[in-house]
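What follows is one structure encoded as structure tokens, with my remarks underneath.
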Amino acid sequence: MAVLEVRNLRVEIPTEDGVVQAVRNVSFSVRPGTLFGIAGESGSGKSVLTQSIMGLTPAAEVSGEALFEGRNLVGMPQSEMRKLRGGKIAMVFQDPLSSLHPYFTIGAQIAEALHFHEKISPAQARARVIEMLSKVGIPDPAARVDDYPHQFSGGMRQRVMIAMALVLKPALVIADEPTTALDVTVQAQIIELLDSMRRELGTTIILITHDLGLLSNVADDVMIMYAGNRMEYGPADRILRSPAHPYTTGLCRSSPANYEPGAKLAPIKGRPPSLLATPRGCVFAPRCSEATPQCASAPPPLRVFDDGVESLCWLEAAPAGAKPVNAAPDFAAKAKPEKVAEVRNLHLTYDVGGFFGERRKLDVLKGIDLTVWRGETLGLVGESGCGKSTLARAIAGLTPTTSGSIELLGRDVGALTPSEWRAMRRQVQVVFQDPYGSLNPRRRVGSIIGDPFRLHGVASGEERKARVRTLMEMVGLNPEHYNRFPAEFSGGQRQRIGIARALALNPSLIICDEPVSALDVSIQAQVLNLLRELQQELGLTYLFISHDLSVVRHLCDRIAVMQAGRIVELAESEALFRNPANDYTRVLLNASHVPPKLSPAVGRKLLETREITR
Amino acid sequence: MSETAVEETDVVQRGALDLTLRRLRRDRASMMALGIIVCVILLAVLAPWIATLTGHSPIEQFRETGMTPAGIPVGPNAEFWLGTDQLGRDVLVRLAYGARISLLVGVLASLAASLVAIVVGLTAGYFGGLVDIILSRVIDLVMSVPFLLCALALVSALGPSILLSVAVIVFFSWAPMARVIRGQVISLSRQEFVQASRALGAGPLSIMVVDILPNLAVPIIVYTTMQIPSSIVFEATLSFLGMGIVPPTPSWGGMLADASSNSLYLIAWWMVFVPGLALLMTTLAFNILGDGLRDALDPKSSRMARNLKRQKKAASKP
Amino acid sequence: MIKFLLRRISFGVGVLLALSLFVFFLFFVAPGDPAAMIGGEKASETQLTQIRKNLGLDRPLPEQYVRFLGKAVTGDLGFSYRNQQPVTKIIMRRVPATLSLVIGAVVLWLAIGIPIGVMSARHPGTLRDRLGQAFILVGLSFPTFVLGMMALYCLYFLPRQAGFTLFPAGGYKAFTSDPLIWAWHLALPWMTLALTIAAVYARLTRGQMLEVMGEDYIRTARAKGATERTVVWKHGMRAALTPLVTQLGSDIALLLGGAIVIEQVFGLQGVGALAVQAVNNQDRPIIIGVVLLGGLFIVVANIIVDVLYVLLDPRVR
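Line by line, the protein sequences give chains U, Z and X. With the numbering used here applied, the first sequence corresponds to residues 3 to 616, in that order. With the numbering used here applied, the second sequence corresponds to residues 6 to 323, in that order. With the numbering used here applied, the third sequence corresponds to residues 88 to 404, in that order.
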């Protein structure tokens, strides 16, 4: 019998703009002791689905059935639901810092779960908490049990969350993007922990994630969601190797890891639909590369295949395999021997004053040497806090440095007069990470992109307007949207606006500070393609910062690996991936999950076709 | 140039101002508040006309008709619509002239206080460092001072006047708003769009005016609106304690002080209820409008949740 | 912790110094001759000179200030111009009434404001929320003295006209003589003062709770199987408490202002009423004394609040 059997679940959330159909007619079942993966991009409804089953979305209208050990969770009275929550079904959330109460010790928070469900003395509870903490790998648990969440690192906090979820030995644990907020190396440890706990305690796990590579390593079954629909469902090794649905295929293809470095990605075009309207045909039809007229006019049927894969699609067989990939790297020897930027022995030290005046020094950059050649893309990778963004900001002149020198176009930045510095600003531009924070929400897109012209007195009036329109066209935006506010654009479009602004003054160097890490994988591929095309056309030089190795490998000619304020390895991109010289580089490489290469589904037969009502 | 060009957004969005006005117009409480404020403004504007209509000047004492033989003020009647005070003056006419003082002081002091707060908050928040430390200390200082006692001391030393009232109110009101703006500026300065402007070579003034100030419009509008009732009450309190507007110039606080002296209002209730309710309704109206403005300007606030709940209930009904 | 305390205390001393400078020099730029006030209108020029000499008014200003400060530290604030009694003694006589008023009001206002705010935030959009919001708006808008006068009219005068005494007209009865009479006499002033400030608190509590209840850790608490009551009063309130305590510090000044007005309306012979009398009589030593006392009160309250804040938040501990 399945631990959780969900049938025809629907979730509707009323908002000011209308009713959001967050989950539409989703069914699945989770076998005991397995790891069930739910994958999808943001807005696909994967988190809402589980939270509404648990009764944690009070505003939502939930209908359908969710049978847990034979009892329907939908419509269950709160008092009974409460006994299941934590006791029988536990949850682990994305951000362990905000998910733990800042004012209670971790011990108290874990023990609380015990007290809610069992009659247990405080001393017994404490003993069990300590036992559990040591099980999830917290060093010295007896001492750390009385610490507050802020005294732990991100990975340790997530271990605490897992301890809290497992302390009552629940039958089911729902982990909602448990590793998204963590560094790559820590991610691997957390997934390993979850998996080993599953084996040890026999707990069933539902793992929600956007990372297909991660699922392919650990999941038994997967469900792919898109715009609230279950697009594809079945055994993980079948689906992630040979998807039956064009959306799954598209997702796998959007990941740069599936390509030869430097090749052009084949992203899913367009962007996710609004959840307010119900389309007549398939929700994915407008973005689908395989779409036929039928797709847009009638809702797709459910195709059930003999290898257990179920796909919500008009296609009767898997989409035509992986497209032949343009394998020839097209950037051969494009770097010209001209230094755009040269950093020598750069140090940055902050004085940190503790709250009670205890002062210490914090070394962020410890002697960086780095040269960027004209026309190349130099990647800068490392985990959070390694100083890669600080280095970028220092080169862009946004952060003062302690010692060392930065030369731009052969001139020492430290020796420039303020007016020369202002002129130099034109040569170095930045594309920021956050597509929401990097555009002023109160200004129109036209004036945001036109700002470089205004500030440097380059063009004004009609000329400025014309040049802004040209820029908008260059980055794939409709120039008629000149007068709109940033809020009216999607994340990917906003990132295009940021790129247009950076391009405006023809800079010698563009610093891309994690430009795609806030975007969904299909949108990410679009932006990466744009960056490549612009480089080829305009001969741009990029300093590209990312924590995502597959992205860096795809885009960069050379890669610098940073750790704790130092560059530990700097090499040609392929050389670095094939023969990493540094231990830390190896750890990084091993930690990243690479989705399996797609292969055509050999011998898959269509068993039956069911009509699905919406 | 890119084949992956993004398709259009079909939704035509309205401008921010238009949206705000629409939301505000849908809010019945705010509209009523606006109505009350318009009435008070009319009362103030039409004060001389009311005086002509009734034939009573605000400071004229009608000892014959306006008082009983025992020297007690008369209640509302055909000649004195809202009764008379302890000197036989017409309460209605005094109320109308008092509205002038309240509105004048309230609006003037609030605008001035906002201006000071914006300048101080922006400077402290943007420049940080020593400037911030000094200005923050000044804000703390002003906020940890027994303001009414100091105001009394100030007025008693310099002698009461309307200008001094405004100055005193401004001096003791700007600090909380400056603190809020400083905080907002600090968090805005860390935003990437400010970094982007700096990377483009924008100077401090350009960043403050072009990038930061427009993002402070909501708190500034809301705080200034909310400051008006506070200023009106502050002025009324000063006048009530005899330290504000100099009699016989009518002011609402002064009228209440007249009522309070010798507990006269216990036998002449209109002397407290007329100016008291006028004061209450005015401050209430400004406070409701401030709340409504905040909800309309910043739809993320509580109103959203309220609408959600309401729709949900309506939807669940068969 | 010690360092932090020292910093807060030194800031408090700074506030008091600034205050003393402010009031001291205020009265020297102000018109009017103190000697004439003490001596009365009939005093001769020699008498006035004598008075000036006694008070040290013939010395240079900075010297006078330093002498004044030196004495003030020991609690000697000089003598009233009016009746030549020591200022400290006059003020101290008035302190019990004001302290009774203020402490009672703080207790009442927290007891009214926080539950209303929580109730309003827990049921957003419902009738209860609307009632809570109405309370907040009306309370915020009601000038203290108007509410006090209306309360006196409705709860004291009207019942008395009807032939029974619900509440007394005002006045202060010492706690030591009869606590019940003390509380009965203070009931109306307490309620008046507490209601207007409770609205500030209800609004703050409501805003805080609305924000906190949307936090991830509240979802965690629910996912653990906590009852709604535990979620709200333990997890929610614990997080909302810190800003509430901080607010308490900045509301002390508001409270003192309210106390002055309330004492005036209800005829309580407290420090506030003394201040108003002194201002009307131009009795400068008393005014200076009251302002400094008020400042001291606020400074001490703020230091207590700061310490509480540090104790409450493990992240800054």
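The C-beta atom is built at its ideal place from N, Cα and C for all residues, glycine as well.
query, result
"U:LEU551 - containing beta strand (DSSP E), residue span", "From DSSP, U:LEU551 is part of no beta strand (DSSP E) but of the alpha helix (DSSP H) over 551-557."
"Residue(s) in a DSSP beta bridge with U:THR17", "U:GLY20"
"For U:ILE226, the nearest candidate out of U:THR205, U:THR251, U:THR206, U:ASN219 (CA to CA)", "U:THR251"
"Contact residues within the region 294-306 of chain X, judged by C-beta distance below 9 Å to chain U", "GLU302, ASP303, TYR304, ILE305, ARG306"
"Z:ALA56 versus Z:SER62: straight-line alpha-carbon distance, rounded", "5 Å"
"Where the region 129-159 of chain Z meets chain X: residues whose CB sits under 8 Å from a CB there", "ARG142, ASP145, LEU146, MET148, SER149, VAL150, PRO151, PHE152, LEU153, LEU154, CYS155, LEU157, ALA158, LEU159"
"Top-ranked residue by Cα proximity to U:GLY20, from U:THR280, U:ILE241, U:ILE140", "U:THR280"
"7 Å CB neighbourhood of Z:ALA122 in its chain, flanking five on each side removed", "TRP179, MET182, ALA183, ILE186"
"Outcome for Z:ASN220 when other beta-carbon atoms lying within 10 angstroms are tallied against a minimum of 16", "buried"
"Within 7 Å of chain A by C-beta, residues of the region 221-254 of chain U in sequence order", "Included in the structure are the protein chains U, Z and X, with no chain A among them."
"Spatial distance of U:LEU174 from X:LYS311 (CA atoms)", "13 Å"
"Under the three-state DSSP convention, the category U:SER2 falls into", "Not covered by the structure: residue 2 of chain U. The range shown for chain U is 3 to 616."
"Coil, strand or helix - U:TYR544 by DSSP", "strand"
"For U:GLY39: DSSP bridge partner residues", "U:LEU209, U:VAL224"
"Rounded C-alpha distance that separates Z:GLY60 from Z:ALA104", "19 Å"
"CB of U:VAL8 within 8 Å of CB of U:PHE38, strictly", "no"
"Continuous alpha helix (DSSP H) stretch holding Z:CYS44: start and end", "33-50"
"Nonlocal neighbours in the same chain, by C-beta distance under 7 Å from X:VAL386, ignoring five residues either side", "GLY99, VAL102, LEU103"
"Min CB distance U:PRO104 to chain X below 8 Å", "yes"
"At least 3 beta-carbon pairs within less than 8 Å: the region 103-121 of chain U vs the region 160-180 of chain U", "yes"
"Close Cβ partners of X:ALA327 (< 6 Å) along its chain, the five nearest in sequence each way excluded", "GLN295, MET296, VAL299"
"Neighbourhood of U:PHE307 by C-beta distance below 7 Å, restricted to the same chain and skipping five residues each side", "ALA246, ARG606, LYS607, LEU608, LEU609"
"Listed by chain order, chain U residues near Z:SER202 by CB distance under 9 Å", "ASN442, ASP453, LEU457"
"Per-residue DSSP class, three states only, for U:PRO295", "helix"
"Residues in the region 188-201 of chain Z having any Cβ partner in chain U nearer than 7 Å", "GLN196, GLU197, PHE198, GLN200, ALA201"
"Neighbour flag for X:ARG316 against chain U, beta carbons, 8 Å", "no"
"Beta-carbon neighbours of U:ALA115, restricted to chain X and to distances below 8 Å", "LYS311, GLY312"
"Own chain partners of U:ILE193 with C-beta closer than 7 Å, once the 5 adjacent residues on each side are dropped", "THR181, LEU216, VAL220"
"Beta carbon of X:SER187 nearer than 8 Å to that of X:LEU282", "no"
"Reference Z:PHE152; option with closest CA among Z:ILE42, Z:SER170, Z:ALA222", "Z:SER170"
"Proximity to Z:ILE191 [Cα-Cα], best of Z:GLY130, Z:VAL79, Z:THR287", "Z:GLY130"
"Touching by the beta-carbon criterion (3+ pairs, under 8 Å), the region 511-523 of chain U and the region 458-477 of chain U", "no"
"Z:PHE198 - containing beta strand (DSSP E), residue span", "Where Z:PHE198 is concerned, there is no enclosing beta strand (DSSP E), although the alpha helix (DSSP H) it sits in stretches over 197-204."
"Chain U contacts made by the region 200-230 of chain X, where a contact means CB separation under 8 Å", "none"
"Secondary structure, alpha helix (DSSP H): runs of 4+ residues fully inside the region 245-278 of chain Z", "257-265"
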